[in-house]
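Number of protein chains: 2
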Amino acid sequence: MPEQAVAGGKENSVETPVETTRERLLNVAEQRFGEGGYEGTSLRAITVAAAANIAAVNYHFGSKEALLRAAVARAMAPVNTERRRRLDQLEAGSPTPEQLIRAFIEPGLDLVLRRGERGAVVARFIGRIAFDPSQRIRDLYAAESDPIESRYLSALQAALPQAAPESVAFGYVNMLGLLALHQSQALSRTPGVAEDEDPSKLAENLIAFLVAAFDKGLRS
Amino acid sequence: MPEQAVAGGKENSVETPVETTRERLLNVAEQRFGEGGYEGTSLRAITVAAAANIAAVNYHFGSKEALLRAAVARAMAPVNTERRRRLDQLEAGSPTPEQLIRAFIEPGLDLVLRRGERGAVVARFIGRIAFDPSQRIRDLYAAESDPIESRYLSALQAALPQAAPESVAFGYVNMLGLLALHQSQALSRTPGVAEDEDPSKLAENLIAFLVAAFDKGLRS
DNA sequence: GCATAGTTCAAGCGGTCGTTTGAACAGGAG
DNA sequence: CTCCTGTTCAAACGACCGCTTGAACTATGC
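Below is the structure:
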């Protein structure tokens, strides 16, 4: 069984980008959980595809749900980092609704759709988990993006002073839902749809759609 | 075991609205599948809650998936009927985008949210199945609403002659997604949100949101 | 009464689930 | 070499899965 040196030790003279069992498990978990959902995917299916023993899951993570939690955390980390960075930057001035919407959507779609097959797998995974049938799984995703949520809401409210707070919250929920929808549709190309060929078109169209709805579609 | 007369025979002199085993199974299936998803809900959990034997599922429906199929068909029937009725009516003239959006959203939210607890259960069930993690389950929902889809798309295109066909399709997908989102959130009241108290407000807000997005947010 | 068709039942089928176990294996430190 | 720690392994655990069986029960038609 070809395995490599452990992470704790000193690195080899040349960087060897061999995946550890832990990384392989997370990669396959992203792919399978995003494809069949949490309940619909067995640990055995994951470990076989990751060329790992079944017990490796419990050794590295502790349980199936802990594996999912780790996968969600890893997938969301760069998205959250980028969102925080953009929010920090925007909060210096008086951002428009479009700037805020862009700061929310683009890290979710660009960061993730522009990176080829692997990025699309991550996108689908995030989108599916965010709307998993089970409340417990959804909470797991919510916990991961919770800290940013309140910052966005108050920034949006400031950018839309004429809109009622419930309307801003309503718009935010819709923005979140549509982002998750298009993330979860990554990898499921429907022939003839323009967005499939150019992911950046999808982001622009979604942003335009949301900007119009926020500007004209929220009651005072 | 208190059971009632069979449907095949003559009715009693007074109408006895006692549910058959078949109906109880469908009712509980709506509730549980909408709560835990298809994979996350066992037949045993359903049959226990329906006070039925587990073999009753296979006797009345044939399999777990066939039970789901029957539940989806029954839940969608009145929504589809109402949508067809409204489309027939609108296609006589030259409907505006708002009229078309209303004809799509209201049967999905009104018909289903205005009928108390039971209607909300049905709404959640439909919304969840429409975006189930498993492709096979989603197809099952799609098959149920497929015939109407093309009629809506061409009516929308006619009402928005300046918009590109891909944009109309994009807007339709978003409309479908947002409807399913708010349907699936039925029964999960978040305190302080205005729409929770008055479901008709939710429909109006969603329609206003979508109308604005369709009118100003689609590229030519 | 008796046969018949429709429905319900307890019990069990083979299979898969998430998790656990205890031994084997690897590499570094003393 | 000998510990020691971290990792992987085959095997098995009990529980639960969807589904089937064959008998019992019920109401109706003759």
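Just so you know, the sequences run in chain order A and B. Take the first sequence: its position 183, counted from the start at 1, is 183 in the numbering used here, and no numbers get skipped. If you want the numbering used here, it's the position in the second sequence, counting the first as 1, plus 1000. Note that CB positions come from ideal geometry on N, CA and C, so glycine has one too.
Spatially closest choice to residue i from the options, by CA coordinates
i         : options                                    : result
GLU1023/B : GLU1166/B, GLY1171/B, ALA1049/B, GLY1036/B : ALA1049/B
VAL173/A  : GLU1166/B, SER1042/B, LEU1181/B, GLY1171/B : LEU1181/B
ARG1074/B : LEU1218/B, LEU1153/B, VAL1112/B            : VAL1112/B
LEU26/A   : GLY37/A, HIS60/A, LEU100/A, PRO133/A       : HIS60/A
PRO140/A  : GLY127/A, LEU100/A, ARG151/A, ARG32/A      : Contrary to the premise, residue 140/A reads as Leu rather than Pro in this sequence. For LEU140/A, the nearest C-alpha among the options comes from GLY127/A.
ARG1102/B : ARG1118/B, GLU1019/B, ARG1085/B            : ARG1085/B
LEU202/A  : ALA51/A, GLU91/A, ASP110/A                 : ASP110/A
ALA1186/B : ARG1115/B, ALA1159/B, SER1154/B            : ARG1115/B
SER188/A  : GLY40/A, VAL121/A, SER63/A, LEU67/A        : VAL121/A
LEU156/A  : ALA142/A, ASP146/A, GLY171/A, ALA143/A     : GLY171/A
GLU117/A  : VAL211/A, ALA130/A, LEU206/A, GLU30/A      : GLU30/A
SER154/A  : VAL168/A, ALA143/A, ASP146/A               : VAL168/A
LEU218/A  : LEU87/A, PRO161/A, GLY36/A                 : PRO161/A
GLU144/A  : VAL18/A, ALA212/A, ALA77/A, GLY34/A        : ALA77/A
GLU82/A   : ALA66/A, LEU100/A, SER220/A, GLU65/A       : LEU100/A
LEU1035/B : LEU206/A, ILE46/A, ASP132/A                : Residue identity check: residue 1035/B is Glu in the sequence provided, not Leu. For GLU1035/B, the nearest C-alpha among the options comes from ASP132/A.
ALA208/A  : SER1220/B, GLY1037/B, ASN1205/B            : SER1220/B
GLY119/A  : PRO199/A, ALA213/A, ALA45/A                : PRO199/A
PRO1107/B : GLN1089/B, VAL1079/B, ILE1137/B, ARG1032/B : VAL1079/B
PHE33/A   : ARG138/A, PHE125/A, ALA159/A, PRO165/A     : PHE125/A
THR21/A   : SER42/A, GLY40/A, ALA55/A, GLU39/A         : ALA55/A
GLY37/A   : LEU206/A, GLU19/A, ALA212/A, LYS64/A       : LYS64/A
ALA1071/B : ILE1129/B, VAL1018/B, ARG1151/B, LEU1179/B : ILE1129/B
Range covered by the alpha helix (DSSP H) that runs through residue i
i         : result
ASP110/A  : 97-113
PHE1214/B : 1199-1216
ARG1219/B : Careful: ARG1219/B lies outside any alpha helix (DSSP H) and carries neither H nor E.
ASP139/A  : 135-159
GLY36/A   : 21-36
GLY93/A   : GLY93/A -> no alpha helix (DSSP H), and no H or E assigned at all.
LEU187/A  : Segment: none, LEU187/A is in no alpha helix (DSSP H) and carries neither H nor E.
ALA163/A  : Counting along the chain, ALA163/A falls outside any alpha helix (DSSP H), and DSSP gives it neither H nor E.
THR47/A   : 43-49
Chain-ordered chain A contacts of residue i [CB-CB under 8 Å]
i         : result
LEU1178/B : ASN174, GLY177, LEU178
Backbone secondary structure at residue i - three-state DSSP
i         : result
PHE1061/B : coil
PHE131/A  : coil
GLU15/A   : Because GLU15/A sits at a pLDDT of 47, beneath the cut-off of 50, its placement in the model cannot be relied upon, and the following sentence gives the value as read from the coordinates. In this structure, GLU15/A counts as coil in the three-state DSSP scheme.
ILE54/A   : helix
ALA1007/B : With a pLDDT of 36 at ALA1007/B, under the threshold of 50, the modelled position of that residue is not reliable, and the figure given next carries that caveat. ALA1007/B falls in the coil class under three-state DSSP.
GLY40/A   : coil
PRO2/A    : Annotation note: pLDDT 36 at PRO2/A (below 50); position unreliable, coordinate value reported separately. Residue state, collapsed to three classes: coil.
Closer than 7 Å at the beta carbon, the chain A residues around residue i
i         : result
LYS1216/B : ALA212, LYS216
LEU991/B  : Residue coverage of chain B in this structure runs from 1001 to 1220, which leaves residue 991/B outside it and unanswerable.
8 Å Cβ cut-off: residues of chain B touching residue i
i        : result
ARG219/A : ASN1205, ALA1208
ARG102/A : Result: empty, since nearest Cβ-Cβ is about 14 Å, beyond 8 Å.
ARG128/A : PRO1133
Within chain B, partners of residue i - CB distance below 9 Å
i        : result
ASP198/A : Within chain B, no residue comes near ASP198/A; the closest Cβ sits about 11 Å away, beyond 9 Å.
Neighbouring residues, chain B, relative to residue i (Cβ below 7 Å)
i       : result
GLU39/A : GLY1037, GLU1039, GLY1040
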